[in-house]
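Protein sequences appear in the order of chains D and Y.
Counting from 1, one number per residue, gives the positions in the first sequence under this note's numbering.
Counting from 1001, one number per residue, gives the positions in the second sequence under this note's numbering.
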Amino acid sequence: MALLQALRIVAPEELLSVAGLILLLVAAWAGDKASRTISILCVAVLAGASAMVIPALNSGAMGPDTSAFFGQYRADAFAAFAKLLIYLSAAVALIVAPPFFDRFRAMRAEYPLLILFAALGMGMMVSATDLITLYIGLELNSLAAYVLASFLRADGRSAEAGLKYFVLGALASGILLYGMSLTYGFTGTTNFAGIHAALAHGVGTGALFGIVFMLAGLAFKISAAPFHMWTPDVYEGAPTPVTTFFATAPKVAAMALTMRVAFAAFGGQVAVWQQIVTFAALLSIVVGALGAIGQTNIKRLMAYSSINNVGFILIGLAAATQAGAAAMLVYLAIYVAMTVGGFVAVLLMRDADGEPVEDIAALAGLSSTRPGLALALAMVMFSLAGIPPLFGFWGKFVVFQAAVAAHLVPLAAVGIAASVIGAFYYIKIVKIMYFDEPAGRITGKGDASHIVILAASALAISPLGYLATRWLGALAAGAAASLFHPL
Amino acid sequence: MSGFPILSLMILVPLVAAIACLIADAPTARRVALVATLIDFALGVALWANYDIGGAQWQFTERAHLFAGFDWALGIDGIALMLIMLSVFLMPICIGASWLSIEKRVGEYMAAFLLMEALMIGVFAAQDLYLFYIFFEAGLIPMYLIIGVWGGAERIYASYKFFLYTLLGSVLMLIAMLWMANEAGTTSIPVLMAYDFAPGAQKWLWLAFFASFAVKMPMWPVHTWLPDAHVQAPTAGSVILAGVLLKMGGYGFIRFSLPMFPQASAQFAWLVFALSMIAVVYTSLVALVQHDMKKLIAYSSVAHMAIVTVGLFAFNVQGLEGAMIVMLSHGLVSGALFLSVGVIYDRLHTREIHRYGGLAINMPKYSLFFMLFTMASVGLPGTSGFIGELLSLLGIFQLSSWVAAVCTTGIILGAAYMLFLYARVIYGVQKNADAAAMPDLDTREWLMMVPIALGVLWMGVYPESFLAPMRADIAALDARLAQARPVGDSRLAAAKPATAAPLAPPAEAR
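As structure tokens, this is what we get:
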């Protein structure tokens, strides 16, 4: 009976793995001409998996009923919140890809499957309550991601991105594993609840090293400074639909995983990791803001922007409260909407022959040649800068609110003052699009699916988004409560 | 009228019109914008007509729990009413000023202005801390675009400077607001206005709000964005910037800093006075040597705003009333002066003072209006400027005769630079043939000038119309400030009442 119960709890993962294996066979027999059909089926599978996690989110599921396989796995409201964002981002990555890859005649049936398996891995990451589950999920996601980064095999930049991602990802995994082995060695368990109990009476030097190494490994995965160096190269080199995916789903998964590790495993020793997180948060904000200023490639700029955003999300973690966790989830949801909008706008940047354009200089005067695209991208930029009334402001607002409520006023003040540096390069993009004379390079027609997704994300980050704050806040609060609920 | 969400409607009308303008062609966009701003003006007049003087402190209140953590809460008192009236009064004039001079991307331009109007009304009507912040900050986006897209040669530098300066000023205010809401457990501005924060905390909160409002106001030495922004902005942009956006700083002081942190306000009054005194003297002297008309008026704005701040921090009724009247008057007068510059700029495309001269000969009607607005800026009795400056300085004189003495030199210096400007542009010989050939005001310009001129005279001759709605609110604020009022240096002491010598009884009674 316990097994049946456990199998029921992990139903979304079962659906994804079974569907993934079947579609893999389909791909093997039908070949690349079936890739569009497989993509559509994968989106349907993700929609099905989303439907399966929604009840847990709505009911704010928590407690022993959500735990499976002897405490190795939890399908609570927190996991459901993260999974919904992951599945949504994965679906977007599937929808925007075919028009992009078709240009290079590189749309292959493996692409949707790799995204599906990555989503499966990420689902495991956010549900993991054991170091082993955590690592399996992380590697399943990472291995799929390395292949995705170098998906345009013929393109040197894409191959370089894949290799860099692999080498640095492997290094990060090694650091993480080392931290996990230390943690296991000094607590005698791989279970989060067990680690929490074992550390209840203080942290020895060995366990401290374990915590630090684990946080460093996770900081690699969320690309928080000072472990962010791979991000701009990988984001620039990877095919843009893959970059869209990297910037959204794995960020959500790794961030949720970090939260779970910080609160469920090391939640009893907040003082030990709080200063590390504070440092990483402020450094990410500053590095992300300063690094972006000199960029000439829009994808690199968005990479620095994501480092900057990770810094703001980590302020919520530094608050180390339930409100802080809820604020992080709200921020993540808004971040996904903004990032999808930003990268889909990049996908829409085509020259007259339909070749993708990534130069920031090519955006000059876009507002007179492509007013709709310019307006949407301007909204994304103001939103990323956190200027009200765009919805990006709300994300920053809630994390700073949590920081102030946790009496971290100096952190909030420094963080928000540093956000002004970031505003400089965001408004620079707006300046290039609106104030400069048209460069006339971006003239190509965009694909209808891209335009629809861009319009949807622009609508989400518009002031209308505020009408969703109560609903979003309630869901995030429920999810955060389940994260803090002891097993 | 009670229960009808007139304030929401006033915010909604320009928003809807802004979206319409984005998709309309140029002539339609102009008409849509004019009609929308006139509707808002009509709604504003209805608002004023239905405002119950002496009634409840907060009227036309609306509250809808739409958002997590804060409400869509609107409502006005007399102070907000007057500033909303100023905004809706100036907006149709701004649209008129842009009617011909804006030729490219008219729809987007009108949309930006209409968005600006919605946000300005929102700022003055917001009764929720966070709602106020959202409206307050959101104004950066349309103004950034107005300066950057339709501005002059140095527009990009000016737009960056405007955006980043104001943003940096404001973000710390957000942290202060978060702390206040956390401490007081409410985001309602009326409740917070009566909440007593601990004096130690007040100090930090006051400084955080000061950072924002001082930049917005702007006060010396953080005023440097203003001349750049004014000079580069299109005429209507300058009008709205000087007319209304600067007033948000003063409104912030009167709505937040003074009632919420009275002790800290008293404690830091010396800082405000010092900065204001420097501003009055320094920026007036700087204005005296400008070659660019817009820059001259921009510096005069800084000097006038300094009179507002000393009035506000005088901690008495005269000072507060004077500050409000200076704000309203400056909104009209500086707006009108920028319009006057715009009129001749449209003809000759230069703002250099020496390119003009002797305009009284070929533009007599223009010279008349320019004269009126110059005199109002100087503070001639009978114009709005006089009422405000007199009250402000009377207020501060009760507190510190030194501050009053230094600030009063501003009036003399103001007369110097304004009359000097007027003399160089309007009088003298017609040394430039092209300037001498400029036609006088046309009907459109006439229609823009006359309402402002009437407003300036009305406020100068019968200020009671404008003071009456604010009287109760200023009295309430004065009562709130009584606990912290600093001691004045005039050392008023009641003399010993002398008993009159008994009159000698009439001779007949003897």
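Glycine included, each C-beta is placed from N, C-alpha and C at the ideal position.
Computed from a prediction, not measured in an experiment: that's the story for all the values here.
**Asked** From the beta carbon of M1001/Y, is the nearest beta carbon of chain D less than 8 Å away?
**Response** Reliability fails at M1001/Y, whose pLDDT of 43 lies under 50, so the model's placement of it is uncertain and the value that follows must be treated cautiously. Closer than 8 Å: no.
**Item:** Option in V1191/Y, L1081/Y, I1147/Y, I1079/Y with minimal Cα separation from L1129/Y
**Value:** V1191/Y
**Asked** Between which two residues does the beta strand (DSSP E) harbouring G1075/Y extend?
**Response** 1072-1076
**Pairwise C-alpha distance: H1291/Y and M1277/Y** = Roughly 24 Å separates the two Cα atoms.
**Whole-angstrom distance between P1469/Y and G1388/Y, CA atom to CA atom** = 16 Å
**Asked** Residues in its own chain within less than 6 Å of R300/D by CB, not counting five upstream and five downstream?
**Response** P232, E236
**Item:** Start and end residues, alpha helix (DSSP H) containing E1464/Y
**Value:** 1464-1481
**Message:** Mapping the DSSP letters down to three states, classify P1221/Y as helix, strand or coil.
**Reply:** coil
**Request:** Identify the contact partners of F1067/Y in chain D, using a Cβ-Cβ distance below 7 Å as the criterion.
**Result:** Y466, T469, R470
**Prompt:** Taking C-beta to C-beta, are L1226/Y and A1233/Y nearer than 8 Å?
**Reply:** no
**Asked** Can you list, in chain order, the residues of its chain whose CB lies under 7 Å from that of F1523/Y, leaving out five sequence neighbours each side?
**Response** It is not possible to answer for residue 1523/Y, since the shown part of chain Y is limited to 1001 through 1510.
**Message:** Here's the rule I'm using: 16 or more other beta-carbon atoms within 10 Å means buried, otherwise exposed. How should I58/D be labelled?
**Reply:** A small fix is needed here, since residue 58/D is Asn in this sequence, not Ile. With fewer than 16 Cβ atoms within 10 Å of its Cβ, N58/D is classed as exposed.
**Prompt:** Using a beta-carbon distance below 8 Å, is G342/D in contact with chain Y?
**Reply:** no
**Asked** Does P388/D have its Cβ less than 8 Å from a Cβ in chain Y?
**Response** yes
**M1001/Y burial status per 10 Å Cβ neighbour count (16 or more: buried)** = The predicted model places M1001/Y with a pLDDT of 43, which falls under 50 and marks its position as unreliable; any figure quoted below should be read in that light. M1001/Y is exposed by the Cβ-count criterion.
**Nearest to L24/D (by Cα), restricted to the options E160/D, F117/D, L459/D, Y466/D** = F117/D
**Inter-residue Cα distance where the pair is P493/D and A417/D** = Residue coverage of chain D in this structure runs from 1 to 487, which leaves residue 493/D outside it and unanswerable.
**Message:** To the nearest angstrom, how far is the alpha carbon of V310/D from that of Y1299/Y?
**Reply:** 42 Å
**Item:** Cβ of I1019/Y within 8 Å of any chain D Cβ
**Value:** no
**Residue of P250/D, T240/D, G194/D minimising C-alpha distance to A219/D** = P250/D
**Asked** For M255/D, which option in H196/D, G210/D, Q269/D, A326/D has the closest C-alpha, if you only look at C-alpha atoms?
**Response** A326/D
**Asked** Start and end of the beta strand (DSSP E) containing F1370/Y?
**Response** No beta strand (DSSP E) holds F1370/Y; the alpha helix (DSSP H) holding it covers 1364-1378.
**Message:** Please state whether the Cβ-Cβ distance between E437/D and G365/D is less than 8 Å.
**Reply:** E437/D places its beta carbon less than 8 Å from that of G365/D.
**Request:** Could you please give the first and the last residue of the uninterrupted alpha helix (DSSP H) stretch that includes A1042/Y?
**Result:** 1026-1050
**Asked** Residues bridged to Y73/D by DSSP?
**Response** A68/D, A128/D
**Prompt:** Under a three-way DSSP split, which group does T189/D fall into?
**Reply:** T189/D sits in coil when the DSSP states are folded into three classes, being neither helix nor strand.
**Asked** Cβ atoms of L257/D and A79/D: under 8 Å apart, would you say?
**Response** no
**Request:** Would you tell me roughly how many angstroms separate the C-alpha atoms of Y135/D and F484/D, rounded to the nearest one?
**Result:** If you take the alpha carbons of Y135/D and F484/D, they lie about 22 Å apart.
**Message:** Taking a contact to mean a Cβ-Cβ separation below 8 Å, would you say G1152/Y touches F1135/Y in this structure?
**Reply:** no
**Item:** Interface partners of G1148/Y on chain D, CB under 7 Å
**Value:** K431, Y434, F435
**Message:** Less than 8 Å between the beta carbons of S1329/Y and M1459/Y, yes or no?
**Reply:** yes
**Asked** How would you write the range of the alpha helix (DSSP H) that E1108/Y sits in, first residue to last?
**Response** Counting along the chain, the alpha helix (DSSP H) containing E1108/Y begins and ends at 1106-1125.
**Asked** Among G188/D, S158/D, L215/D, L163/D, which one has its Cα closest to the Cα of G174/D?
**Response** L215/D
**Message:** I want to know whether the region 1200-1218 of chain Y touches the region 1311-1321 of chain Y - three or more CB-CB distances under 8 Å.
**Reply:** no
**Request:** Say whether chain D places a C-beta atom closer than 8 Å to the C-beta of Y1133/Y.
**Result:** yes
**Prompt:** Any Cβ of chain Y within less than 8 Å of the Cβ of V420/D?
**Reply:** By this cut-off, V420/D is an interface position.
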